[in-house]
Structures are given as structure tokens and as C-alpha cells.
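What follows is a set of notes on a single structure, which appears directly below.
In the UniProt record's numbering, the protein residues as written are 1 to 183.
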């Protein structure tokens, strides 16, 4: 399945998502590797199997195996970190923030891809997972490595659109009429 096939599965009531899905694949602030890594990491974070399959198929044409692995690593490590650091942020007791996390995060130091790219992909995943502490940390890293605010915005737009497509298709699959049509 490709992204074009995926677009054909988006219902008419969500036609803006079809348009946005096409638009996120081009950027004046991100290069092709950064775009496709963010799209792949976002799909994995959003979790819909159809979206993951379609995006992974197309991303394989734009990313090296090493870059695809790094994008997957960003989704994996942020799945853990976003829960942990979002929880620290939400708890009113500041003592938890002073305690060592005791979580392995070696991939952040050595992601197997350009550090800026990995940080952008981590930013996208953190947006989907809703971790303010991680968003701030990755934005600071991205800007500190020379990326523009437009690059940050594009990474966030990618996350928003991929998440919305994933949520819409997950919802459609759960609707009774979809289940009857599949039977």
C-alpha cells in the first residue's frame, strides 16, 4: 500500500486531510530525508497499521535503511520518554524531577543518523504523544543545531496530519457500518 492508496481510503468528510497529506511531503525548510523520517516516525507513533504500512512503503524509496532505522528509533524511544517526562511535568511534586530517570536512552546520543534529523523526528513524535517537556527540549536542540522555526513548524505539521489520518482511519474501521461492509 502506498500513500496514494491511503489517500483513497480517507472518507469524504476528511477531504482536508487528503490535501494536507500531499502538502506535508514538500517543504521549503526540511530536506527530503528530514520530511520522510518525520513522516515515518509520526506514523509509528500514531499507530494505525494501514498508515504505517503505506508510509513505510513510500519512505523506503526516500530513506536509507540506516535513516529509516533512526526514524523508528525516534518513535520507540519517545514512546517511553514522552510518557515518563509528561508524567513528571504533570505531577505537582517537583521531587520526581530531581530523581534519576534510570531509563536507558543511548540511542539519543548515537541515533545512527544526523543528530539534527533525529531531533526533528523526536520532536514530531513528542507532538503526537503530547509531552511538553520533550517538545521544549527537542525544539531547543533543533534550533541550536541551526534549523529554522519554519523547520520546527513543518515537523509539527507532519505530526499533526499523520496523526489525524491515523485517527480518522482507526475511527472508520471501528464504525459499525465499516465492520458490516468488511463482513
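Where a beta carbon is used, it is the ideal one built from N, C-alpha and C, also for glycine. Because the structure is a prediction, the values reported are computed rather than measured.
Apart from the five residues just before and just after residue i, which ones in its own chain have a Cβ nearer than 7 Å to its Cβ?
i           : result
residue 101 : 84
residue 174 : none
residue 17  : 10, 161, 164, 165, 168
residue 89  : 132, 133
Residues in its own chain within less than 8 Å of residue i by CB, not counting five upstream and five downstream?
i           : result
residue 135 : 123, 126, 127
residue 26  : 35
residue 51  : 6, 43, 162, 165, 166, 169
residue 146 : 116
residue 82  : 125, 126, 129, 130, 131, 134
Nearest-angstrom Cα distance between residue i and residue j?
i           : j           : result
residue 112 : residue 165 : 28 Å
residue 116 : residue 148 : 11 Å
residue 109 : residue 86  : 21 Å
residue 61  : residue 96  : 43 Å
residue 35  : residue 75  : 15 Å
residue 59  : residue 68  : 8 Å
residue 47  : residue 159 : 12 Å
residue 14  : residue 129 : 22 Å
residue 20  : residue 155 : 13 Å
residue 79  : residue 29  : 26 Å
residue 4   : residue 98  : 47 Å
residue 137 : residue 157 : 18 Å
residue 22  : residue 91  : 39 Å
residue 144 : residue 12  : 41 Å
residue 8   : residue 177 : 18 Å
residue 45  : residue 94  : 28 Å
What does a CB cutoff of less than 6 Å around residue i pick up in its chain, not counting 5 residues either side in sequence?
i           : result
residue 107 : 73, 77
residue 70  : 111, 112, 113, 118
Whole-angstrom Cβ separation of residue i and residue j, contact assumed at under 8 Å?
i           : j           : result
residue 121 : residue 53  : With 8 Å as the limit, residue 121 and residue 53 do not qualify as a contact, their Cβ atoms being about 19 Å apart.
residue 119 : residue 141 : 4 Å
residue 40  : residue 24  : Actually they are not in contact, since the Cβ atoms of residue 40 and residue 24 sit about 12 Å apart, beyond 8 Å.
residue 65  : residue 1   : Residue 65 to residue 1, Cβ: 20 Å. No contact.
residue 152 : residue 139 : 6 Å
residue 33  : residue 63  : 6 Å
Please confirm if residue i has its CB atom under 8 Å from at least one CB of chain D.
i          : result
residue 53 : Absent from the structure: chain D. Only one protein chain is present.
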